[in-house]
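In mature numbering (1 follows the signal peptide of the UniProt record, and there is no 0), the protein residues as written are -30 to -1, 1 to 482.
Put into structure tokens, the structure is as follows:
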């Protein structure tokens, strides 16, 4: 339509002339009928003006028809107010409300939503404005039975402050100024309403890792904290299952949630069962640190957390010792957890040879590349460095470099790295052969892995000594500094993850 096209082109003058022509030809009633006409997208000319942020054109259209903000009618499309809120056009939203006859206008949006559903994703000021106009919006549900509170808690981010280019949590920011608080305050009963998936508002932030939303619900509506979904899960079950670290940390840090630590879902699983199942060490240790958490509760299958941890370990007999399932199983045993030993003896061992064989083959390829690289480097550097220093000594005279301790140490470390990598490669060849029995292949792979670790350590030592050997004659301080930094960094990179895991486990066991 020409009027839609003029508004889309931001041509306010053309829109004005069109309206004048319509008024002269058909009168006010005719002009009103034209501006209410919907295009193929179910939108009026007012929608085009709002989308472009053209306040003048939008106000002109509202002046011609003060009831224009009611179209399209509820359930037939997106209202102008919904679009203005969605696009954060607060000044246009205020104009629509002020210019509408009797302040009566449509707030409807797609899929049964209203303008408040869109507002909760944006700034607090728009939410406050809408609720001042129509507080009933907080009670309406969309086609998924979600209230605005369901959306507010899903989008509620932590308040931050910026300092020196970094973001820090603003613990002093008042919760009353957050969107979730205002929407909940307008309709407290929404905290007890399920959506189509059976989730209450308290479950949504646990799913999305929104700690501050849980804190608001806990402070404002304590009765909703213990609600269960269709699967019998509390918010803590969901937070553990979806690895929502902030929410788990908040729940474990509040003494009021102590009774919730041993809640069971429909399968009889506690939060600790689920922590073992997902295999997250941080969440597991955070729960284990709580003395209220019981270690020997059984689910409907008769399994304790230790049984589950044992089952996770038995999924494959080819596993890295620092894998989460191994660390969790050992930690539970150290904490005094018990399991169904008789059940373990009766449980039939699954055939895992094919799965383990495939894992061995893949691991062999990865490790083989590294070993070949180390062998090539050590082999070439041994002769290249020795030849270079012999030539230099013949030209310079004096004490030969090849007689000094650091040169001998370099050759020794480099040679040892080559021997270890060569032996590891040979052992790795056996571990990758399908014709060899799987038990022997596992043993060869473990041997190869140990030799590879030794080879890498010797190569790092040789590299450090090589740097010292090059810099020591002219810059001994620099050489010593570099020689100290290299092993420290290497050791840190190698042990960082192990240290963090062991630190978390140690704190949990001490708390027990």
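Ideal Cβ placement from N, Cα and C applies to all residues, glycine included.
Residue i in three-state terms, based on DSSP
| i | result |
| --- | --- |
| residue 420 | helix |
| residue 130 | strand |
| residue 318 | Here the model assigns residue 318 a pLDDT of 45, short of 50, so the residue's position is not dependable, and the following value carries that caveat. In this structure, residue 318 counts as coil in the three-state DSSP scheme. |
| residue 379 | helix |
| residue 451 | helix |
| residue 49 | coil |
| residue 296 | helix |
| residue 110 | coil |
| residue 488 | Past the edges of the chain, shown from -30 to 482, lies residue 488, and the structure says nothing about it. |
| residue 430 | helix |
| residue 9 | coil |
| residue 307 | coil |
| residue 469 | helix |
| residue 478 | helix |
| residue 198 | coil |
| residue 146 | helix |
| residue 483 | Given a span of -30 to 482 for the chain in the structure shown, any question on residue 483 remains unanswerable. |
| residue 172 | coil |
| residue 457 | helix |
| residue 367 | Bear in mind that a pLDDT of 49 at residue 367, under 50, signals an unreliable position, so the number given afterwards is only what the model happens to contain. Three-state result, residue 367: coil. |
Range covered by the beta strand (DSSP E) that runs through residue i
| i | result |
| --- | --- |
| residue 180 | Segment: none, residue 180 is in no beta strand (DSSP E) and carries neither H nor E. |
| residue 139 | 136 to 139 |
Distance, residue j Cα to residue i Cα
| i | j | result |
| --- | --- | --- |
| residue 196 | residue 175 | 14 Å |
| residue 158 | residue -30 | 46 Å |
| residue 63 | residue 172 | 31 Å |
| residue 99 | residue 134 | 34 Å |
| residue 45 | residue 18 | 20 Å |
| residue 386 | residue 425 | 7 Å |
| residue 123 | residue 304 | 39 Å |
| residue 97 | residue 43 | 22 Å |
| residue 223 | residue 271 | 30 Å |
| residue 208 | residue 136 | 30 Å |
| residue 448 | residue 345 | 29 Å |
| residue 335 | residue 131 | 48 Å |
| residue 129 | residue 141 | 8 Å |
| residue 153 | residue 65 | 23 Å |
| residue 446 | residue 419 | 36 Å |
| residue 30 | residue 48 | 20 Å |
| residue -1 | residue -9 | 7 Å |
Beta-carbon proximity list for residue i, same chain, < 7 Å, skipping 5 on both sides
| i | result |
| --- | --- |
| residue 297 | 251, 471, 475 |
| residue 319 | Summary for residue 319: the model assigns pLDDT 48, below 50, so the residue's position carries little reliability, and this model does not support an answer. |
| residue 406 | 400 |
| residue 278 | 243, 246, 247 |
| residue 434 | 453, 456, 457 |
| residue 165 | 114, 115, 116, 120 |
| residue 167 | none |
| residue 220 | 181, 184, 185 |
Range covered by the alpha helix (DSSP H) that runs through residue i
| i | result |
| --- | --- |
| residue 28 | 25 to 34 |
| residue 21 | 15 to 21 |
| residue -24 | -29 to -23 |
| residue -7 | -19 to 5 |
| residue 155 | 149 to 156 |
| residue 524 | Residue 524 lies beyond the residue range present for the chain, which begins at -30 and ends at 482; the question has no answer from this structure. |
| residue 124 | 118 to 125 |
| residue 209 | 205 to 211 |
Beta-carbon contacts of residue i that lie in its chain and below 6 Å, excluding the five residues immediately before and after
| i | result |
| --- | --- |
| residue -21 | 22, 24 |
| residue 274 | 266, 268, 309 |
| residue 393 | 421 |
| residue 254 | 245, 298 |
| residue 430 | 460 |
| residue 234 | 240 |
| residue 202 | 235, 236 |
Close beta carbons around residue i, own chain, < 8 Å, minus the five adjacent residues each side
| i | result |
| --- | --- |
| residue 61 | 25 |
| residue 307 | 265, 266, 274, 275, 276 |
| residue 126 | 148, 149, 150, 175, 180, 182, 183, 186 |
*asked:* Please give the ranges of any alpha helix (DSSP H) in the region 222 to 286, keeping only runs that are unbroken, at least 4 residues long and fully inside the region.
replied: DSSP runs (the alpha helix (DSSP H)) wholly in the region 222 to 286: 241 to 248, 251 to 258, 275 to 283.
*Kindly provide the ranges of any beta strand (DSSP E) runs that are 3 or more residues long and lie completely inside the region 49 to 106, ordered along the chain.*
Considered as a whole, the region 49 to 106 harbours no complete run of any beta strand (DSSP E) with no fewer than 3 residues.
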